[in-house]
Structures are given as structure tokens and as C-alpha cells.
Amino acid sequence: MEAANCSLRVKRPLLDPRFEGYKLSLEPLPCYQLELDAAVAEVKLRDEQYTLEHMHAFGMYNYLHCDSWYQDSVYYIDNLGRIMNLTVMLDTALGKPREVFRLPTDVTACDNRLCASIHFTSPTWVTLSDGTGRLYVIGTGDRGNSPEKWEIMFNEELGNPFVIIHSVSLLKAEEHAVAILLLRIEKEESDMKGSGFYVSLEWVTVSKKKEDSKKYEITKHHVLRGKSVPHYAAIEPNGNGLMIVSYKSFQGLAVGQDPEESMDEDRSEKSKEPLYYWQQTEDDLTVTIKLPENSTKEDIHVQFLPDTINVVLKGVQVLEGTLHSSVDHESSTWTIKENDSLEISLIKKNEGLTWPELVVGDEQGELVRDPAQCAAIAERLMHLTSDELNPNPDKEKPPCNAQELEECDIFFEESSSLCRFDGNTLKTTHVVNLGSNQYLFSVTVDPQEMPCFCLRHDVDALLWQPHCSKQDDMWEHIATFNALGYVQASKRDKKFFACAPNYSYAALCECLRRVFIYRQPTPMSTVLYNRKEGRHVGQVAKQQVASLETNDPILGFQATNERLFVLTTKDLFLIKVNTEN
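Residue numbering for the sequence shown follows the working numbering, starting at 1 and increasing by one per position.
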């Protein structure tokens, strides 16, 4: 079954075509600084981790983790192997971050380790990687009630180091399961042209039957492979599928299948000779099929109908299906050529119509373009291009001038796609070509749903909520940050991007010190007029800038409805953004 090509449906009422931009506000932002007992367990890239994919996955890793099940609760892992938590109730009575769990082993002894990663699966479950290749599933009890006790329910060595990017808790009548999505970047010795590495996404399910007293064990292990680190990857809450936003596509591997075998299959598929060749003019089409050895006239059966064709050679059906358009079946013919090939001539009913395919949905043939036809197409498109920058300045519609484009309009990942994979077969079921809709960030709005992702649409930034239960309309446009797609593109040093779960503001931070906050438009307390248009301005969107008093690089960044949390090597900063929910 082929994947369905889908599109993202923008809700027009959520767009504001009259948005006038952000106004810089000098209102002070309350900022609180907490000194850490021990430095954050930062792992720097090694010499062999030199690719852009290593930088995306590990060099730009967010070391601060937000527990979306509980408001204003953040975690980080320090270099003593402790998981530290800060839960804020009152800004004026901030306590020190407290230890909730300690890694059982000394991870600093591992030379090829990655950054430790954690994901909050449910209100009572957490998944943890120590960065050395060991996976932990931990029962925390109710984390809203302090002090909670974290207990290891499963831990196993899974090979090379990985990071956890998502996990969900699956509770069924007879068993409890935790599905975890792991990311690795592996060396590929046979890749002579590319970077020499590939990205591996591993979907591991750990489960235990309720009445069974045995420990949790791995019951499913799926692998997807690609050539770029995904911008976004998440398992559906029901465990039936997986969604990925990536620059280059991913492919599922069968259980126990070697990645090289999969690549060999792909190459053989691509290198397989077409079953037939076809070419067309404005009046007719010619189809050429290679005949089996020792074929005679009696071995060939060709049936013409106005909208279908059926070709059988020696009892084997070679070509069958619905034609792209109607043909004059009474005038269509077939002949045997001297080079042991069958030539079929089809007369078009709609003369001048160019067919993009011969048989609808059939990919076994190859279109052979006539050089004269290509030249005619190029001539028809000549008016859209020119060797000169502006050959006719007095023309009513001059060609596009590339010098009018700004740097922020240049987006290189034009082939990014959003794909949904079936949880059992790992086949792609839905595909959205994102084109120039640049991925910006992800945020968990409702922890019981999949994380939302934010894409740039023209100058705006649109927030999309996946709904796995709605097969016809899987992605819902839930919020818009006006002009943010354009604004963020000018921030050349940006490192992390986030927004409040209630969409009240979006924020980004640079590698050092500065944090930018962009608020949604709010009503004005004073009367303000737009002199150019002579109208009353009812709402204004504010921009605020916070500068942190530190020279340490920013390692983590999280946003809640009321606060921004910024983590550096030795400090944790809290910026009070909203005074009320």
C-alpha cells in the first residue's frame, strides 16, 4: 500500500494579515540566579564526531529537561551522576536543586560516551540513558508528591551509546509497556561518497504482564535508518505509529535485517531495468517492450480499450491498468520489431495533451523524451528565465531579482518531509512534503498527546498538533506566532527555541547571555493611532530582551507558561515572563 500524500491545512482565522511587528519593551524582567552544587555533565564532541549530524544531535543538545506532567519542574544531570530537580512554587522562596536519583555506575570512565538523556514518560514513569549505551526504565511514583522514590524497573546494555528522544507509557488490560525512541549515529564503512555515517532510530518496547511477577523485558525492537538527524520524532500515544520530520527520509529495517542488505535491496530496485519504455508526441504514444526469447505471434496478446490496456506475453501479464487518458482503441496497433521487441502505438483522443504517466500508478516503465520535444518545452518556458539580471526593466512583470531576497529567506533544506510510519510494518503511511516550511522547534502542549512542532510559513511561525486518531486530518493548526519565522531568521547566533504551552509567548536564546522573548498581541491600556492608515491600534505585540549575568555558554533552555529556565555550566537562571497563567 502506497503512502498517502497529505498537506497541512492552515486555519485562516488564526492568521493576522495586519500584524505590524513587535515593539521593543523596556519593562524589566525579574531574573533569579541559582548557583549549582556541581557543574552540568556536559560532553563535548570528540575529533571523530566531525559531521553536521553529530553537531545537530549532540553538539546542540538541550541539557535541561522539562517535566511536562508537572508545571514548572525542570531536571538536569550533573557531573557527579546525579539527576537534580528544581520545582518552583514561589519565585521569592527558591530552594536549591535537589537530588532525586543517582546513576549506579561512574559514566566518566567511558571514553566514547554521549550526554546522558532523560524523558518523562508519564506522571509515574521515566526513561533514562547514561550515555554509555545502557537504558533505564524507572518508576518514580507520583512526582507531584515530594519526596518521591525513584526505583529502577529495567536496565540493560543496548550496545553503542545513544540518546533518548521520546517515550510513551502504554497501559493495556493485561500488561504495561513503555515504548522508547533512541537515536544513534553509526559509522558506515561502505559509504565512500557521503559523510561515512548514518543515523539509526531504534524503537524499543519494554513490557511486563500485570499478573506476572517477572521483571520488565524487551518485547519489540524496530530500527529505522536515514542519513540526517530528525528535527522531530515521536511515538503516538497509543503506540500504533511514529512521526518523523527530517531533511532526508528514513526507512524501516526488518527484524534481524542487516542495514547493508537493505541498502543492497534499494540499489537493486533502482538499478532494475524498466519493464517497458514509452514516448509520446502531441498525437500518439509509442510503447516498446522487450520480448522473451523465442516469442512468436501466438505468444502475444494485446487488448485495447478506450481507457485501459492489457498486455500478456507467454501467459505472463506484463502491462495492465487504467491509461492516463483515453485513446482511440480502434486505431491503435502493435507490431513485432526486428530487435525482438514489441512496439505498441496508441492514438490519443485528446490531441496535444501531455501524459505524465502511461498507466495510472504504474512505475515499471520509463519515459524516453524526444530531444525536439525537450527543446520545444524549453522554448515555451524561455520567458520565465534570462541570462541577464533584468533584460527588460520596462516590462510589466519583470523576472524575479535574486538581489531582492534577504539572507533569512534562503532555506537550504527544501526537501524536508513529515512522515508517519506504521508501528508494526514500519512502512510509510502518510507523507507531507514540507518544502520551504522550515522546522523551528517542538513543544509539549498536552503531555497526553504527541509533542507539537512549529514550522515557518512565509513570515509566520505556525504551531501544529498531531492527532493520530484522525486519519484524514492528522495535523491541526492550533496557534500562530506572527512574523516569528522572519524574526528568528535574523538571529544568527540562536541556539535554542521554545514557546509557552499556552502559546502566550515564544522565546529563543543565543549561545551566550542573551534571551529574546516575543509575546502575543495584547490590548493597549492607552489610545494609540496608526498615522499612515488613520486607524486605532487596539493591540500591540511586545518584544523583550534579557541579558544573563554570566560568561558561561547556555546549555539548556525550557519555557513554561510563567517562566523561562536557562541552564549554564554552573548556574540555573529563572526569568519570570508572565505573572499569571
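Idealized CB from N, CA, C, for every residue including glycine.
Buried versus exposed, by CB contacts within 10 Å (16 or more), residue i
i      : result
Leu90  : exposed
His231 : buried
Gln280 : buried
Ser228 : buried
Gly556 : buried
Lys348 : buried
Met524 : exposed
Asn85  : buried
Ser117 : buried
Arg492 : exposed
Ala372 : exposed
Arg369 : exposed
Asp142 : exposed
Cys374 : exposed
Val316 : exposed
Ala67  : Note that residue 67 corresponds to Asp in the displayed sequence, not to Ala. Counting Cβ neighbours within 10 Å, Asp67 comes out buried, since at least 16 surround it.
Leu285 : buried
Thr568 : buried
Ile185 : buried
Thr296 : exposed
Ala479 : buried
Ala498 : buried
Boundaries of the beta strand (DSSP E) in which residue i is found, first to last residue
i      : result
Val206 : Phe197 to Lys209
Trp150 : Element bounds for Trp150: n/a, residue is neither H nor E.
Thr568 : Arg563 to Thr568
Val126 : Trp125 to Ser129
Val577 : Segment: none, Val577 is in no beta strand (DSSP E) and carries neither H nor E.
Arg82  : Arg82 to Thr87
Arg134 : Arg134 to Gly139
Leu34  : Cys31 to Glu35
Phe162 : No beta strand (DSSP E) holds Phe162; DSSP gives it neither H nor E.
Lys427 : Per DSSP, Lys427 belongs to no beta strand (DSSP E) and is neither H nor E.
Thr219 : Glu217 to Gly226
His231 : From DSSP, His231 is part of no beta strand (DSSP E); its letter is neither H nor E.
Ala4   : Ala4 to Cys6
Glu476 : Trp475 to Phe481
Cys587 : Because the chain in this structure spans residues 1 to 581, residue 587 falls outside the shown range and cannot be described.
Thr335 : Thr333 to Ile336
Ala559 : Ile554 to Ala559
Gly241 : Gly241 to Ser246
Gln543 : Gln539 to Ser547
Tyr505 : Tyr505 to Glu510
Tyr22  : Tyr22 to Leu24
Ser603 : Since the first and last residues shown for the chain are 1 and 581, residue 603 lies out of range.
Pro466 : Asp460 to Pro466
When the options are compared against residue i, the one with the closest alpha-carbon
i      : options                           : result
Lys208 : Tyr247, Glu188, Ile185 and Glu175 : Glu175
Ser436 : Gln317, Ile309 and Ser416         : Ser416
Ala57  : Gln539, Lys495 and Leu508         : Lys495
Thr308 : Glu330, Lys314, Ile289 and Val316 : Glu330
Ser246 : Leu440, Arg9, Leu285 and Asp460   : Leu440
Ser341 : Glu293, Thr569 and Tyr50          : Glu293
Tyr518 : Ala376, Asn482, Asp370 and Val302 : Asn482
Val540 : Asn5, Val10, Thr354 and Glu20     : Glu20
Gly361 : Ser68, Glu320, Gly538 and Gln544  : Glu320
Ile289 : His324, Glu366 and Cys374         : Glu366
His324 : Gly315, Glu363 and His301         : Glu363
Gln438 : Phe516, Thr522 and Asp458         : Asp458
Tyr32  : Thr579, Glu549, Lys297 and Ser249 : Glu549
Asp37  : Val107, Tyr70, Asn79 and Thr286   : Asn79
Leu484 : Asp473, Glu157, Leu463 and Ala234 : Leu463
Lys570 : Leu564, Thr579, Asn551 and Glu48  : Asn551
Val100 : Thr87, Glu562, Leu253 and Asp111  : Thr87
Tyr70  : Leu24, Ser122, Leu305 and Val566  : Ser122
Asn578 : Ser7, Leu29, Leu94 and Leu52      : Leu29
Asp422 : Asn145, Leu224 and Lys149         : Leu224
Thr124 : Asn424, Ile152 and Ser25          : Ile152
Ala461 : Gly139, Arg514 and Tyr486         : Tyr486
Element boundaries [alpha helix (DSSP H), containing residue i]
i      : result
Tyr486 : Leu484 to Ala489
Inter-residue CB distance, residue i and residue j (contact presumed, cutoff 8 Å)
i      : j      : result
Leu183 : Val199 : 7 Å
Leu103 : Gly81  : 4 Å
Ala179 : Ile235 : 5 Å
When the Cβ atoms of the segment 215 to 228 are set against those of the segment 428 to 446, are three or more pairs found closer than 8 Å?
-> no
Is the segment 53 to 69 touching the segment 200 to 207 in the sense that three or more CB pairs, one from each, lie closer than 8 Å?
-> no
So does the segment 123 to 136 actually touch the segment 152 to 165, counting three or more Cβ pairs closer than 8 Å?
-> yes
The segment 442 to 449 contacting the segment 464 to 483, beta-carbon criterion three pairs below 8 Å | yes
The segment 69 to 77 touching the segment 14 to 25, judged by at least three CB pairs closer than 8 Å | no
For the segment 32 to 50 and the segment 503 to 511, state whether three or more C-beta atom pairs, one from each stretch, are separated by less than 8 Å.
-> no
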